[in-house]
Amino acid sequence: MCRRPCTVIPTRTGARCDCASPGETPDPAAENDEDRGPDAVAGGTPGEDGAEGAKRAPETVDEDPAAEEVTPTTAARTTEGAAGGSAQEAPATDGASTSDTADGPAALSEAEAELAAQRELRERIEKRKAEKEGPIPAGTKLSGPAADLLAAVRAVESGEKPGTAFFDSPATAPAPRRAAPSGPAPARPSPAPARPAVRSASPEAAASVAAVLAQGGAPEALARPAAATLGEQAADLLREDPWQLLSVPGVRPEQADGFARALLGAECGPDDERRTAALVGWQLESAALRGHTALDASQVRAALAGRAVTDPEAAVQHAVAEGLVLVFQDGLDPSQAPDAARTEETDGEEAGDGTRDAQEPVPVLLGLDRYALAEESLADGLGRLINSCERGADWADAAAAAPSPSAGELIRTVATAGLVAHSGGESARAEPAALIAAARALGLRALATAHSTDGVRRLTAAAGDPQAAVTLSGLLSGTAGPGRDADGAFALDLLVVLDAPQLDVETAAMLVEALADGTRLVLSGDPGVLGSAGAGRVFADVLAARACPQVVSRTPDPGPIGELVSGIGIGEIGPVDAPGKEVVIVPVRDAGEAVHRTVQLVADSVPRAIGVPSSDTQVITVGHGGPAGTTALNAALKQRLNPGPGRFGGFDPGDRVVHVPAPGRAVPGSVVSADAEGLHLDCAGTPVVVPQHGVGSSVRHGWALSAHQAAGMRWPAVVVVLPGDAARGLSRPWVYTAFSRAERHLSVVHGVDQALPRAVAETPAQERTTRLRPLLEALPAPDAVQAP
Numbered sequence: 079m080c081r082r083p084c085t086v087i088p089t090r091t092g093a094r095c096d097c098a099s100p101g102e103t104p105d106p107a108a109e110n111d112e113d114r115g116p117d118a119v120a121g122g123t124p125g126e127d128g129a130e131g132a133k134r135a136p137e138t139v140d141e142d143p144a145a146e147e148v149t150p151t152t153a154a155r156t157t158e159g160a161a162g163g164s165a166q167e168a169p170a171t172d173g174a175s176t177s178d179t180a181d182g183p184a185a186l187s188e189a190e191a192e193l194a195a196q197r198e199l200r201e202r203i204e205k206r207k208a209e210k211e212g213p214i215p216a217g218t219k220l221s222g223p224a225a226d227l228l229a230a231v232r233a234v235e236s237g238e239k240p241g242t243a244f245f246d247s248p249a250t251a252p253a254p255r256r257a258a259p260s261g262p263a264p265a266r267p268s269p270a271p272a273r274p275a276v277r278s279a280s281p282e283a284a285a286s287v288a289a290v291l292a293q294g295g296a297p298e299a300l301a302r303p304a305a306a307t308l309g310e311q312a313a314d315l316l317r318e319d320p321w322q323l324l325s326v327p328g329v330r331p332e333q334a335d336g337f338a339r340a341l342l343g344a345e346c347g348p349d350d351e352r353r354t355a356a357l358v359g360w361q362l363e364s365a366a367l368r369g370h371t372a373l374d375a376s377q378v379r380a381a382l383a384g385r386a387v388t389d390p391e392a393a394v395q396h397a398v399a400e401g402l403v404l405v406f407q408d409g410l411d412p413s414q415a416p417d418a419a420r421t422e423e424t425d426g427e428e429a430g431d432g433t434r435d436a437q438e439p440v441p442v443l444l445g446l447d448r449y450a451l452a453e454e455s456l457a458d459g460l461g462r463l464i465n466s467c468e469r470g471a472d473w474a475d476a477a478a479a480a481p482s483p484s485a486g487e488l489i490r491t492v493a494t495a496g497l498v499a500h501s502g503g504e505s506a507r508a509e510p511a512a513l514i515a516a517a518r519a520l521g522l523r524a525l526a527t528a529h530s531t532d533g534v535r536r537l538t539a540a541a542g543d544p545q546a547a548v549t550l551s552g553l554l555s556g557t558a559g560p561g562r563d564a565d566g567a568f569a570l571d572l573l574v575v576l577d578a579p580q581l582d583v584e585t586a587a588m589l590v591e592a593l594a595d596g597t598r599l600v601l602s603g604d605p606g607v608l609g610s611a612g613a614g615r616v617f618a619d620v621l622a623a624r625a626c627p628q629v630v631s632r633t634p635d636p637g638p639i640g641e642l643v644s645g646i647g648i649g650e651i652g653p654v655d656a657p658g659k660e661v662v663i664v665p666v667r668d669a670g671e672a673v674h675r676t677v678q679l680v681a682d683s684v685p686r687a688i689g690v691p692s693s694d695t696q697v698i699t700v701g702h703g704g705p706a707g708t709t710a711l712n713a714a715l716k717q718r719l720n721p722g723p724g725r726f727g728g729f730d731p732g733d734r735v736v737h738v739p740a741p742g743r744a745v746p747g748s749v750v751s752a753d754a755e756g757l758h759l760d761c762a763g764t765p766v767v768v769p770q771h772g773v774g775s776s777v778r779h780g781w782a783l784s785a786h787q788a789a790g791m792r793w794p795a796v797v798v799v800l801p802g803d804a805a806r807g808l809s810r811p812w813v814y815t816a817f818s819r820a821e822r823h824l825s826v827v828h829g830v831d832q833a834l835p836r837a838v839a840e841t842p843a844q845e846r847t848t849r850l851r852p853l854l855e856a857l858p859a860p861d862a863v864q865a866p
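For the sequence shown, the working numbering assigns the number 79 to the initial residue and increments by one for each residue that follows.
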């Protein structure tokens, strides 16, 4: 790579510039906190999920929210304006601090003590459960196996069964389930199970909460979110337990502590059980925003110690006894539980005298029930599909007629397996398209689903069939797809999920639960891209567990961009030939110049030199805040491309926007008009009306996006902006994702010197702590299940 500054590089130096170091990229789990939910960015509001406030000017994100107290100013900011925050703002240590040494007494003996405490406090737990307004959310979403799991959890809590009967038992053969309907799909599909709707607060409840907040010095702006989160009795709950405020999205421990001190006075202390229980839950919720479905107990204890809790172990035991969190020891043989329970306690002594057993200790994990039930249900459902598939199907003729060897291999593999993992780049999408066509030719009900409308467009174009794919949200909601039978199962014989790395564990559990016995499922995607915005790493865990056949595409992505991205995938960023200016490096000195050059590229250079209009050029940067984040870039691009007063809540007709209807979902569109009903958008030909009260939290300008928002979509031209302050957040998956969004042309605006090649070579994806892999590894082999 060249070692001198360069301008536009149309040939071999087009992508190898060492002076072209990239910008910042948070880890795959934390990079796009703004797209997953309000908790990820200090000061977020419920439902903000990466949507910038339309009335806010570009702001910097250098402040540390952890230092803020609950004041009318800071807490109001908590409710009104987190979307502009950079992904780097997400706390990197709270709830996820690591420790390489033994931390406190033995973790596994602690687990036994926790289970004993649950039995002793059975009545207390049952009373707490009865006070909840509704069923556990995961239980309301997941039927069948999930309901059985929920009953098992309650049996352990009540002492009716030992902990090993639920946490440590090896998986058994999935129970038989319904068969796929043989007749035609119902005329009108019934709605799929959906996540529980966010509760709306009544004016009376909000007013009562506002009065309590005023007593504690917290801003009135938190009243409606608190009432919606805690329910109609929110005011009484906050008076009894002020730390319940931590359950409100965006509120941090420092703010909850200040609120509690104002209400309780001398009664408030760092070891108050109400405080420690709330902190444990907050740690796990914060970890979920970074992609974890569980945390090692030692990490939670370390984080509690950092919050001035003098006995973190007792705090964890109390949280488990109260039913706030669950304990897991995946991979442990029940017969070894007593010995394994002393692993952490004896680890240091054995290491000191050289007698430490070679076997690694089984970690004790803590998790929230919603993710525990989702992972258990997903593992059970995948096992059911694996073992209920008809293995005698003969698709040899279809495989022989496939358009490529990789497509033929995929068809042959799917013919004999209920679950298949397929990996490859953009060109590999032709293989699932060939599979769908072959299955339909055999008379099977086959369908593909993608996370974005753009993903559906690309698959249907490859398949030559506009009915070959639907969006995942449309399939689950029942607005698209084949419909469901009386049991809620999709009328399908084969389902292909594209862009599988973006599949979070809760969505995956709902999807698999809706597949009938005998349905074949193919998870297809590029393992090099950023992971899901929600908790879990479903595709990576399925690949790592080797629970099913895997087909790796041998079809490379063509052209200079494909060559560049392929090198990044293996940790190299080398020279590529770009005779048609497919790859251009634009070095900049500072963030101001980065914004200027980006606007110049989008508005003039790319349309003139490449022939791609501004409307087909997408800007991708590292976060929402900062002098070259999406907020600043969108403001500059709007001023150049569609200037206006922003009379509709900061938007004008013709503005390019992105709608975030749910955490992790980013839907590009444009503003059409606005009226009393709300803001009218055109999202890929689909009219969308966003109510007035939701505009500020779910709509942002969309000329510039974060890499997580852009995942799963592609554009003819992409401008990746890497300002100098982005270097610390760069990782290989971020660079891979951002660069691979371009179809014809890629411009890289960067000022991070050597950070780009260093990040590509040395910074892989951040690991997420999940339980799905060991659960899948514990599944019985298909032959064992079928044996008499």
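Here a beta-carbon is modelled for each residue, glycine too, at the ideal position from N, C-alpha and C. The structure displayed is predicted, hence computed values, not measured ones.
{"Item": "Continuous beta strand (DSSP E) assignments of at least 3 residues falling wholly in the segment 463-514", "Value": "497-501"}
{"Item": "C-beta neighbour in chain C for E318, strict 8 Å", "Value": "Among the chains in the structure shown there is no chain C, since it carries only a single protein chain."}
{"Item": "T152, buried or exposed, once every other Cβ within 10 Å from all chains shown has been counted against 16", "Value": "Confidence at T152 is low in this model, with a pLDDT of 37, below 50, so the placement of that residue should be treated as unreliable; the coordinate-derived value is given next. Per the 10 Å Cβ criterion, buried."}
{"Item": "Cutoff 6 Å; reference L446; Cβ partners in own chain excluding five residues on either side", "Value": "L362"}
{"Item": "Pick from G384, T354 and A365 that is closest to A399, judged by C-alpha positions", "Value": "T354"}
{"Item": "Three-state secondary structure assigned by DSSP to G159", "Value": "Low confidence applies here, because G159 scores a pLDDT of 38, under 50, leaving its location unreliable; read the following figure in that light. Three-state DSSP puts G159 in coil, outside helix and strand."}
{"Item": "Distance between G559 and E487 (C-alpha atoms, nearest Å)", "Value": "27 Å"}
{"Item": "One or two residues paired with C761 in a DSSP bridge", "Value": "T764"}
{"Item": "Buried versus exposed call for S775 [16 or more other C-beta atoms within 10 Å across all chains shown]", "Value": "buried"}
{"Item": "Cβ-based burial, P281 [other Cβ within 10 Å; buried from 16]", "Value": "exposed"}
{"Item": "Coarse secondary structure for R339, derived from DSSP in three states", "Value": "helix"}
{"Item": "Which of helix, strand or coil DSSP assigns to G445", "Value": "strand"}
{"Item": "Exposure of S751, with buried meaning 16 or more beta-carbon neighbours within 10 Å", "Value": "exposed"}
{"Item": "Where S602 sits in the DSSP three-state scheme", "Value": "strand"}
{"Item": "Cβ neighbours of A622 in the same chain (closer than 6 Å, five flanking residues each side left out)", "Value": "R851"}
{"Item": "At least 3 beta-carbon pairs within less than 8 Å: the segment 642-657 vs the segment 761-775", "Value": "no"}
{"Item": "Host beta strand (DSSP E) of G747 (start-end)", "Value": "R743 to D753"}
{"Item": "Rounded C-alpha distance that separates G359 from A313", "Value": "20 Å"}
{"Item": "Reduced DSSP category for I688 - H, G, I as helix; E, B as strand; rest coil", "Value": "helix"}
{"Item": "Every unbroken alpha helix (DSSP H) within the segment 791-845, with a cutoff of 4 residues, ordered by chain", "Value": "810-817 and 833-840"}
{"Item": "Residue range of the unbroken alpha helix (DSSP H) whose run includes H771", "Value": "Q770 to S776"}
{"Item": "Neighbourhood of R352 by C-beta, 7 Å cutoff - its chain only, sequence neighbours within 5 removed", "Value": "D319 and W321"}
{"Item": "L608 beta carbon less than 8 Å from that of G496", "Value": "no"}
{"Item": "Segment contact flag, the segment 806-824 with the segment 781-788, C-beta cutoff 8 Å, min 3 pairs", "Value": "yes"}
{"Item": "A98 in three-state terms, based on DSSP", "Value": "The pLDDT assigned to A98 is 38, lower than 50, so where the model puts this residue is not dependable, and the model offers no usable value."}
{"Item": "6 Å CB neighbourhood of W473 in its chain, flanking five on each side removed", "Value": "I489 and A493"}
{"Item": "Integer-rounded CB distance, given that A397 should sit under 8 Å from V613", "Value": "It is Ala, not Val, that sits at residue 613 in the sequence shown. Actually they do not touch by this definition, with Cβ atoms about 19 Å apart."}
{"Item": "Nearest residue (CA-CA) to D374, options A284, T848 and G521", "Value": "T848"}
{"Item": "For R353, three-class secondary structure by DSSP", "Value": "helix"}
{"Item": "Helix, strand or coil at D374 according to DSSP, with G and I counted as helix", "Value": "strand"}
{"Item": "Selected residue, minimal CA-CA separation from R846, among S683, A618 and S286", "Value": "A618"}
{"Item": "Straight-line Cα distance separating A805 from L554", "Value": "38 Å"}
{"Item": "C-beta contact flag for V673 and S692 at 8 Å", "Value": "no"}
{"Item": "Boundaries (first-last residue) of the beta strand (DSSP E) holding F406", "Value": "L404 to F406"}
{"Item": "Exposure of P636, with buried meaning 16 or more beta-carbon neighbours within 10 Å", "Value": "exposed"}
{"Item": "7 Å CB neighbourhood of E468 in its chain, flanking five on each side removed", "Value": "G596"}
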